[in-house]
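Colleague: In my numbering, the protein residues as written are 28 to 242. For every residue, glycine included, the Cβ atom is placed at its ideal position computed from N, Cα and C. Treat the numbers as computed from the prediction; the structure is a model and nothing was measured. If you scroll down you'll find the structure; I have some questions about it.
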């Protein structure tokens with residue numbers, strides 16, 4: 028009931044596309060409550076934690092991750108009935124991604140966000156939401172020119188709510204690639220405003236709103 032998709036081989040471990048999906052009716056009585064991702068051979072095993080509500084309509088997330096070396100990536104899902112599902116996938120990494128540098132915090136694009144939603148959504152039918160925020164996701168593992176470790180600075184959390192009702196949440200760790208990308212689902216019953224919020228571990232916040240039109 029849980030599937031995890033990654034390439035079998037990646038030449039660049041700093042940005043590996045990953046998709047996780049759990050089979051569930053996503054009703055108030057029976058839905059996927061959370062999915063946790065782990066990469067045990069990374070410096071920190073946690074990749075991300077995703078929380079769902081029935082308003083998501085589908086328990087599926089696509090993102091990009093950093094992988095330090097060839098290893099097995101693990102996904103663990105839990106339902107609201109405390110049923111646990113697991114999945115794993117082996118991947119070969121040619122070049123380590125945990126020390127890669129993508130950008131600097133002096134960039135004028137820092138914390139800028141991009142969102143894409145369908146123009147029209149059929150009521151109750153899951154529809155994709157694509158989001159991205161410009162951010163280097165400094166891991167705290169790289170050295171500065173003077174040999175000192177650069178402080179960790181990452182986007183720690185993401186929240187999506189439709190008309191004030193939670194739809195999807197994510198807790199991100201340093202194994203998420205620079206410029207965090209999240210593709211998830213919503214299944215609105217009526218038109219409304221989708222509010223999105225990214226929070227850096229410094230407390231800095233970026234927010235964005237998107238109009239959801241239901242036909």
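Please go through the same chain and pick out, in chain order, the residues whose beta-carbon is closer than 6 Å to the beta-carbon of residue 105, but skip the five residues on each side of it.
Modeller: Excluding positions up to five away in sequence, the list reads 60, 61 and 111.
Colleague: Below 9 Å between beta carbons: does that hold for residue 37 and residue 114?
Modeller: No, the Cβ-Cβ distance between residue 37 and residue 114 is not below 9 Å.
Colleague: Less than 9 Å between the beta carbons of residue 238 and residue 220, yes or no?
Modeller: Closer than 9 Å, so yes.
Colleague: Using the C-alpha atoms, what's the distance from residue 157 back to residue 148?
Modeller: Roughly 14 Å between the two C-alpha positions.
Colleague: Once DSSP output is grouped into helix, strand and coil, what is the label at residue 83?
Modeller: In the structure shown, residue 83 sits in a helix (DSSP, three-state: H, G or I).
Colleague: By Cβ distance below 8 Å, which residues in the same chain neighbour residue 216 in space, the five residues on each side in sequence not counted?
Modeller: Excluding residues within five positions, the ones whose Cβ falls inside 8 Å are 150, 151 and 241.
Colleague: Pick from 172, 144, 165 and 167: whose alpha carbon is nearest that of residue 159?
Modeller: Ranking the options by Cα distance to residue 159, first place goes to 144.
Colleague: Roughly how many angstroms lie between the CA atoms of residue 211 and residue 175, to the nearest whole one?
Modeller: Whole-angstrom Cα-Cα distance: 38 Å.
Colleague: With respect to the beta strand (DSSP E) encompassing residue 158, which residues constitute its N-terminal and C-terminal limits?
Modeller: 154-160 is the span of the beta strand (DSSP E), which, as asked, contains residue 158.
Colleague: Going by beta carbon distance, what residues of the same chain come within less than 7 Å of residue 123, once the five residues before and after it are set aside?
Modeller: Correct list, in chain order: 40, 95 and 96.
Colleague: Quick one: complete beta strand (DSSP E) runs, 3+ long, within the region 160-197?
Modeller: Those beta strand (DSSP E) runs which fall completely within the region 160-197 and span 3+ residues are 182-189.
Colleague: Report yes or no: do three or more beta-carbon pairs, one from the region 159-174 and one from the region 49-57, lie closer than 8 Å?
Modeller: Result no; under three Cβ-Cβ pairs closer than 8 Å.
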